[in-house]
Every structure is written in structure tokens, then in C-alpha cells.
Amino acid sequence: MGNRVKEHRVEKNLTQTDLAEAIGVTRQTIGLIEADKYNPSLKLCIAIARVLCVTLNDLFWEE
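So the number in our numbering is just where the residue sits in the sequence shown, counting from 1, plus 28.
Encoded structure:
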């Protein structure tokens, strides 16, 4: 499966901590999302997409 959160986060020169603080979660939560070990809520997915300036499809849609 997988997602592209890490890819887009790195493109924006953000650390896991930067992204976590921007959306109000812990760095560990971002790490788990990037590792596909945590299924974030839709609300959290939207928050991540907004901070990274991408769509939900860009982050989570499988080709």
C-alpha cells in the first residue's frame, strides 16, 4: 500500500516535528503515518494535505 506523506514533507523541507506541530499531533504520529502503521482520520489527512499544499489524492491515492 503506502502513502507519499514523507515524500511531500521532505520536498517542503519539513521535519516530522515541523509537520506534527503544524497540525497538532506528535512526531511519533507522523512517523507511524509515514510507515503505514497508523490510519489517520479524514480530518488529520486533510490537515496534512493543507500544510503540504497537496491534495489527498497526491498523498494517498494508489496508481
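Note that beta-carbon positions come from the ideal geometry of N, C-alpha and C, so glycine has one too.
Original post:
alpha helix (DSSP H) containing residue 21: first to last residue?
Top reply: Only positions 29 to 91 of the chain appear in this structure, which leaves residue 21 out of reach.
Original post:
Would you say residue 48 and residue 37 are within 8 Å of each other, going by their C-beta atoms?
Top reply: Cβ atoms of residue 48 and residue 37: not closer than 8 Å.
Original post:
Using a Cβ-Cβ cut-off of 6 Å (strictly less than) and excluding sequence neighbours within five positions of residue 66, which residues of its own chain qualify?
Top reply: Spatial neighbours of residue 66 in its own chain (CB-CB distance under 6 Å, excluding positions within 5 residues in sequence) are listed in chain order as 60.
Original post:
Which residues bound the alpha helix (DSSP H) around residue 62?
Top reply: From DSSP, the alpha helix (DSSP H) with residue 62 extends over 55 to 62.
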